[in-house]
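As numbered in the working numbering, the sequence shown has no gaps in its residue numbers, which increase by one up to the final residue, 676. Think of the CB as a built atom: it goes at the ideal place given N, C-alpha and C, for glycine as much as any other residue. In this text the structure is predicted, and so the values were computed from the model without any measurement. Working notes, beginning with the structure itself.
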Amino acid sequence: MSTTTLLSLLLLISTGAAITTLSSDIAALKAIKSSIKPTTIPSYTCLYSWDFTSDPCSPPHVTHFLCGLSCSGNRVTQLTFDSAGYVGTLSPLVSKLIQLITINLSDDKFSGAIPNSLFFLPNLQTLILGSNSFSGGIPPSISNLRSIQTLDISRNSLSGSLPNTLASLTELTRLDLSFNKLTGPITKLPKNIIQLALKGNSLNGFHQKQSFTELTQLEVVELSETRSPERFPAGSSLYPPSSKSI
Ligand SMILES: *[C@@H]1O[C@H](CO)[C@@H](O)[C@H](O)[C@H]1NC(C)=O
């Protein structure tokens, strides 16, 4: 090795110019991209710019990894896809991205079940999967999303009943599960909920006052358009005058 080579190598190390994404994060990103039909990734989309010959988290992002993800240091913290109409499933390897804070895959064409592993992301604060075609149930393991604040899985094809573990999501302030195929009773809800939308399902049991009594923060409620014979009692304090639609 020449002195010049050695010097430039030392310089590179000392400036710390090269962030190298954690290899397990790269593997997860590759799995996520390959679970999407290539024909639904046209050249103008975020995912098209995901070219693994360059490093996902290393700036500058001039031609590669232009959008669709954000990093903090060498870890992926956000997955925010454009509404390009991506067709595919969500790879269970998404759960390897344990530093994820935000997932927003709204308005695409994801189908199949939401991978169970997703519900074990300890740092996830925002999960938005609205307006896709996800099916299957909401598993009790959702209670492992212990940092979750916003959960929007509206306008999908989720079925089954609400898990009775929902109440343990104490950070959750916004819950939108409207327009799915959920059935069964309304379970006990997280006590810090501010915005709640459950309409467009076949849920029943709105008369179960104990689901709502502890929700002191509740400001916005949308429960209408459920095929439910039950009604709130007239003048119920569960519908404060300030309620508006979301
Ligand atoms: C989620 O992504 C969509 C675009 O795909 C965007 O319109 C929406 O504002 C995002 N939601 C949040 C809360 O960032």
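Check, Outcome
"Just how far apart, CA to CA, sit aspartate 485 and threonine 493?", "11 Å"
"Quick check on glycine 503: buried or exposed, where buried means 16 or more other Cβ atoms within 10 Å of its Cβ?", "exposed"
"Does the beta-carbon of aspartate 537, which I'm using as the reference point, lie nearer than 7 Å to any heavy atom of ligand 1?", "yes"
"Identify, in the order they occur along the chain, each residue of the same chain with its Cβ nearer than 7 Å to the Cβ of arginine 576, setting aside the five sequence neighbours on each side.", "Pro552"
"Among all the DSSP beta bridges, which residues are the ones paired with glutamine 647?", "Answer is none; glutamine 647 lacks a bridge partner."
"Can you tell me which of the three DSSP states aspartate 481 falls into?", "coil"
"Between the stretch 522-535 and the stretch 473-483, do at least 3 Cβ pairs fall closer than 8 Å?", "no"
"Give the C-beta separation of leucine 592 and glycine 614 to the nearest angstrom, bearing in mind that I take them to be a contact with Cβ-Cβ under 8 Å.", "7 Å"
"Leaving out the 5 sequence neighbours to the left and right, which residues in its chain are closer than 6 Å to serine 521 when beta-carbon positions are compared?", "Ala461, Ile462, Ser465"
"Which partner residues of isoleucine 466 appear in the DSSP bridge assignment?", "Gly518"
"Going by the DSSP bridge assignment, what does glycine 566 pair with across the sheet?", "Leu588"
"With a threshold of 7 Å (Cβ to nearest heavy atom), would aspartate 606 be considered close to ligand 1?", "no"
"Taking the Cβ atom as the reference point for each residue, do phenylalanine 540 and asparagine 574 lie within a distance shorter than 8 Å?", "no"
"At the level of alpha carbons, what is the spacing between isoleucine 449 and threonine 483?", "14 Å"
"Using the Cβ count rule (16 or more neighbours within 10 Å means buried), how would you classify glycine 515?", "exposed"
"So is the beta-carbon of serine 513 under 7 Å away from any non-hydrogen atom of ligand 1?", "yes"
"Considering only residues of the same chain and omitting the five flanking positions on each side of glutamine 579, which have a CB-CB separation below 8 Å?", "Gln555, Thr556, Glu601, Leu602, Thr603, Arg604"
"Considering just the uninterrupted stretch of the beta strand (DSSP E) at phenylalanine 495, what are its terminal residues?", "Element bounds for phenylalanine 495: n/a, residue is neither H nor E."
"Below 8 Å between beta carbons: does that hold for lysine 467 and glycine 498?", "no"
"Can you find a heavy atom of ligand 1 that lies under 7 Å from the Cβ of isoleucine 531?", "no"
"Round the Cβ separation of leucine 607 and asparagine 631 to the nearest angstrom and send it over; I've been treating them as touching at under 8 Å.", "7 Å"
"Drop a sphere of 10 angstroms on the beta-carbon of serine 629, count the other beta-carbons inside from all chains shown, and report buried for 16 or more, exposed for fewer.", "Per the sequence shown, the amino acid found at residue 629 is lysine instead of serine. The residue in question, lysine 629, is buried, as its Cβ has 16 or more Cβ neighbours within 10 Å."
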